[in-house]
């Protein structure tokens, strides 16, 4: 991969199939064709109780089913046998229902009792999934927090595939449930759970509160972090609920006829309501769920229906016609990806947190909220592996390999024989050795290219993805061969780069190099140019070994950039004045990490680029009076306060520094992304930025980041010699 794609890339037995899952889901989203449909919803009321309104949805017109979201496939094609309402038809039907002549009555009422069973106690993977859904914790945050709870003696060991509870734990859970919810809250016999994975590592029982009796969450130490308390409470509730009785519910479905609605036609609406007859385990805990479609709304939210009878006349309170678009498959979250890996038998729960951290930290995947979005480099690497190492990213092969490794560990398979077969292959199947040799034939340019449309190709290069299109040689923005490069905006997800969007980027005005005028001091031309890192100006001095350049400020627009602004930028650094104490000049300038002041070797960050030209000597001297935290950073005044971080228990604030705006809890700093506005940044987002930074540094909440310093030469101690056979065992 380093030779064919780029240096620094990595692949792994579990990492690569996990990344492939994320990429394949994005491919599904890219291929998805949205379809439009309309529906009608009505609010009805009974004559007996006009205050108890209920909502119903149009399902049939003259006995024919109305198209809904599940009536279309992912290509936007509608199934046979359904009626598609357009805007005019849906609005006409809604208008007809507002007539006083319309008749509404209950055609049928059907009630079905059902039971719901509690979820099993937590294993490593189910804990990661549920903590992600309910507490918005990453897999690594979950494992780090669980590790802390385990070390403090609050829960049992957190790396386990087993949902089995010990006899002691079962008794503790049942006793707690009886104490809190009464004798009827537990079944006559204890619930026994078994693992589904035949290779499950069941040396440990399920994750549960430690001890013969379970400590109530309110009794946890006051000094414990909010995150630890929340995770403990989740485990506590789940363990107790797992030994409680089934919940009993009754779901009632009513069919309501409406006529006439248009041209003498009749319509049928459907309404459902669920009543909990006996809460059982639901009194303590209910398991979360993952969306299957993007922005999926839970349409199964439980609501009650009023008492209805067949033939009962109803009144229309309100009717609404609404248009809808079918939605693409939802992206994986950490919870749903862990679930998919476990279902496919890929990896082990104890490794999932590390795998997720790897594909994020390597830049293959980014998080957009809770969703995992693959970068274009992930597409390139996945394609390379699919074309050259297809077996190694095959889900079934990876699961089989997992099983083989378990068998090797159990002594059921000879390790050497298995490795020999894997590396050298057999008469019927190539091994890894031959597969690697054949990679030399692949074309690096083809590997790094993704066809979007005729004459539009996406390529991943050393400095990121870009669009390549061929135009007339010598035309604006093209090289001598007619090749034109168009940058892809940062943050644009792969499924958002449609052919139309790519064409829009291609058709956007080209920022061309141009002469802005002559420098008043030197008489040399000042050129405006657009480079890899954005627009900049250049002083075309033929005698200079390296021409002077200056990047445009973030607040400057290429379209409105003036000659005067160009001269000002090239005049930097600006001398503000002389420090009366040291007699050193104080200059304001712009650097790689933003605007700053410089006095001798002492540099201080500025809060905005505008200060470079506006700051006075008195203001600069005041900045230098402030304490300094190493390097150029000053003790910046907080720009915004977010409160106490649940993970570290430390107060979090936003500041401006050498690298731009950032959030800090005093122990570590995390840069605020450029696409995030500080005034719109929420506390949860600030805490998440710090959590991601801690993950990257491998730190515990509240632990300070190691300070970087110059390496100093140390005397090398002579190595101790250890005689063979006398080395102490660890």
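Numbering (UniProt numbering), first residue to last: 1 to 730. No residue lacks a Cβ here, since even glycine has one placed at the ideal position from N, Cα and C.
Using a 10 Å radius around the Cβ and a threshold of 16 neighbouring Cβ atoms, would you call residue 10 buried or exposed? Taking the first residue of the chain shown as 1, we reach residue 10 at position 10. With fewer than 16 Cβ atoms within 10 Å of its Cβ, residue 10 is classed as exposed.
Classification of residue 629 by the beta-carbon crowding that lies within 10 angstroms, buried from 16 upward: Walking along the chain shown from the start, residue 629 turns up at place 629. Since pLDDT at residue 629 reaches only 48, below the 50 mark, its modelled position is unreliable, and no value is offered.
Extent of the continuous beta strand (DSSP E) run through residue 39: Start at 1 with the first residue of the chain shown, and residue 39 comes out as number 39. First-last of the beta strand (DSSP E) with residue 39: 36 to 46.
Segments assigned beta strand (DSSP E), at least 3 residues, entirely inside the region 444 to 484: Those beta strand (DSSP E) runs which fall completely within the region 444 to 484 and span 3+ residues are 449 to 453, 456 to 461 and 464 to 470.
At which residue ranges does the region 319 to 363 contain complete beta strand (DSSP E) runs of 3 or more residues, listed in the order of the chain? Taking only runs of at least 3 residues, no beta strand (DSSP E) segment lies wholly in the region 319 to 363.
Going by other Cβ atoms of all chains shown within 10 Å of its Cβ, with 16 needed for buried, is residue 66 buried or exposed? The residue labelled residue 66 in the question sits at position 66 within the chain shown. With at least 16 other beta carbons inside 10 angstroms of its own, residue 66 counts as buried.
For residue 721, does the three-state DSSP call read helix, strand or coil? Reading the chain shown from its first residue, position 721 is the one you call residue 721. Note on residue 721: pLDDT 38, under 50, position unreliable in the model; the coordinate value appears next. In this structure, DSSP gives residue 721 a state outside helix and strand, which the three-state scheme calls coil.
Anticipated Cβ contact below 8 Å, residue 338 with residue 128, distance rounded: Residue numbering aside, residue 338 sits at position 338 when the chain shown is read from its first letter. Residue numbering aside, residue 128 sits at position 128 when the chain shown is read from its first letter. That pair is a contact at about 5 Å.
Quick one: what's residue 551 bridged to in DSSP? Taking the chain shown and counting its residues from 1, the one referred to as residue 551 is at position 551. Among the bridge pairs identified by DSSP, residue 551 is matched with 536.
For residue 271, does the count of other Cβ atoms within 10 angstroms reach 16, so buried, or fall short, so exposed? Position 271 of the chain shown, counted from the first residue, corresponds to residue 271. Taking a 10 Å sphere around the C-beta of residue 271, we find 16 or more other C-beta atoms and assign the residue as buried.
Length of the line joining the Cα atoms of residue 107 and residue 456: On the chain shown, residue 107 is found 107 positions in, with the first residue counted as 1. On the chain shown, residue 456 is found 456 positions in, with the first residue counted as 1. Roughly 57 Å separates the two Cα atoms.
Taking the alpha carbon of residue 99 as the reference point, which residue from 247, 141, 262 and 218 has its own alpha carbon closest? Position 99 of the chain shown holds residue 99. Measuring from the Cα of residue 99, the nearest candidate turns out to be 262.
Is residue 672 helix, strand or coil when you go by DSSP? Position 672 of the chain shown, counted from the start, is the residue given in the question as residue 672. Coil.
Nearest to residue 541 (by Cα), restricted to the options 552, 521, 551 and 506: Working through the chain shown from its first residue, we reach residue 541 at position 541. Nearest Cα to residue 541 within the set 552, 521, 551 and 506: 521.
Could you check what DSSP says for residue 413 in three-state terms: helix, strand or coil? Taking the chain shown and counting its residues from 1, one reaches residue 413 at position 413. Residue 413 sits in coil when the DSSP states are folded into three classes, being neither helix nor strand.
DSSP beta-bridge partners of residue 596: For the purposes of this step, residue 596 is taken as the residue at position 596 of the chain shown. Among the bridge pairs identified by DSSP, residue 596 is matched with 589 and 605.
Buried or exposed: where does residue 634 fall if 16 or more other Cβ atoms within 10 Å of its Cβ makes it buried? Sequence index remark: in the chain shown, residue 634 carries index 634 (1-based). In this predicted model, residue 634 has a pLDDT of only 43, less than 50, meaning its place in the structure is not dependable; the value taken from the coordinates is given anyway. With 16 or more other Cβ atoms within 10 Å, it is buried.
Between residue 572 and residue 590, what straight-line distance do the alpha-carbon atoms span, to the nearest angstrom? The residue labelled residue 572 in the question sits at position 572 within the chain shown. The residue labelled residue 590 in the question sits at position 590 within the chain shown. For residue 572 and residue 590, the gap between their C-alpha atoms comes out near 8 Å.
In this structure, does DSSP put residue 280 in helix, strand or coil? Counting from 1 along the chain shown, the entry for residue 280 is found at position 280. If DSSP states are grouped into helix, strand and coil, residue 280 belongs with the helices.
On the premise that residue 398 lies in contact with residue 732, defined as a C-beta separation below 8 Å, what is that separation, rounded to the nearest angstrom? Since the displayed the chain opens at 1 and closes at 730, residue 732 lies outside it and no answer follows.
On the three-pair Cβ rule with 8 Å, is the region 308 to 317 touching the region 148 to 162? With contact defined as three or more Cβ pairs closer than 8 Å, the region 308 to 317 and the region 148 to 162 are not in contact.
Could you check whether residue 39 and residue 71 sit closer than 8 Å to each other, using their CB atoms as the reference points? In the chain shown, the residue the question calls residue 71 occupies position 71. In the chain shown, the residue the question calls residue 39 occupies position 39. No, they are not a contact pair.
Tell me whether residue 298 is buried or exposed, calling it buried when 16 or more other Cβ atoms sit within 10 Å of its Cβ. Numbered from its first residue, the chain shown carries residue 298 at position 298. At residue 298, the pLDDT of 43 sits below 50, so the modelled position is not reliable; the number obtained from the coordinates is stated separately. Residue 298 comes out exposed.
Roughly how many angstroms separate the alpha carbons of residue 244 and residue 125, rounded to a whole number? The residue labelled residue 244 in the question sits at position 244 within the chain shown. The residue labelled residue 125 in the question sits at position 125 within the chain shown. When rounded, the distance between both Cα atoms is 22 Å.
Helix, strand or coil for residue 228 per DSSP? In the chain shown, the residue the question calls residue 228 occupies position 228. Three-state DSSP puts residue 228 in a helix.
Suppose you measure from the CA of residue 2 to the CA of residue 431; what does that come to, to the nearest Å? As a working note, residue 2 is residue 2 in the chain shown. As a working note, residue 431 is residue 431 in the chain shown. In a straight line, the C-alpha of residue 2 is about 21 Å away from that of residue 431.
Tell me, to the nearest whole angstrom, how far the beta carbon of residue 205 is from that of residue 257; I am working on the premise that it is less than 8 Å. Mapped onto the chain shown, residue 205 falls at position 205. Mapped onto the chain shown, residue 257 falls at position 257. The Cβ separation is near 56 Å, so there is no contact.
Check for me: the beta strand (DSSP E) holding residue 488 runs from which residue to which? In the chain shown, counting from the first residue as 1, residue 488 sits at position 488. Run containing residue 488: none; DSSP gives neither H nor E here.
Assigned secondary structure, residue 527 (DSSP; H/G/I helix, E/B strand, else coil): One-based indexing of the chain shown puts residue 527 at position 527. The answer is strand: DSSP assigns residue 527 an E or B state.
In chain order, what residues of the same chain have a beta carbon less than 8 Å from the beta carbon of residue 178, not counting five sequence neighbours either side? On the chain shown, position 178 is the one that residue 178 refers to. For residue 178, same chain residues with a beta-carbon under 8 Å away, outside a window of 5 residues either side, are 185 and 186 in chain order.
Three-state secondary structure (DSSP) of residue 513: Along the chain shown, read from residue 1 onward, the residue named residue 513 stands at position 513. In this structure, residue 513 counts as coil in the three-state DSSP scheme.
Could you have a look at residue 701 and say whether DSSP puts it in helix, strand or coil? Locating residue 701 in the chain shown gives position 701, counting from the first residue. If DSSP states are grouped into helix, strand and coil, residue 701 belongs with coil.
Could you check whether residue 516 and residue 553 sit closer than 8 Å to each other, using their CB atoms as the reference points? For the purposes of this step, residue 553 is taken as the residue at position 553 of the chain shown. For the purposes of this step, residue 516 is taken as the residue at position 516 of the chain shown. No, they are not a contact pair.
Three or more C-beta pairs under 8 Å: does that hold for the region 219 to 231 against the region 73 to 91? The region 219 to 231 makes no contact with the region 73 to 91: fewer than 3 CB pairs, one atom from each, lie closer than 8 Å.
Apply the 10 Å Cβ neighbour rule to residue 141 and answer buried if 16 or more other Cβ atoms are within range, or exposed otherwise. Position 141 of the chain shown, counting from 1, holds the residue named residue 141. Residue 141 is buried by the Cβ-count criterion.
Put residue 71 into one of helix, strand or coil per three-state DSSP. As a first step, residue 71 must be located in the chain shown, where it is residue number 71. Under the three-state reduction of DSSP, residue 71 is assigned to helix.
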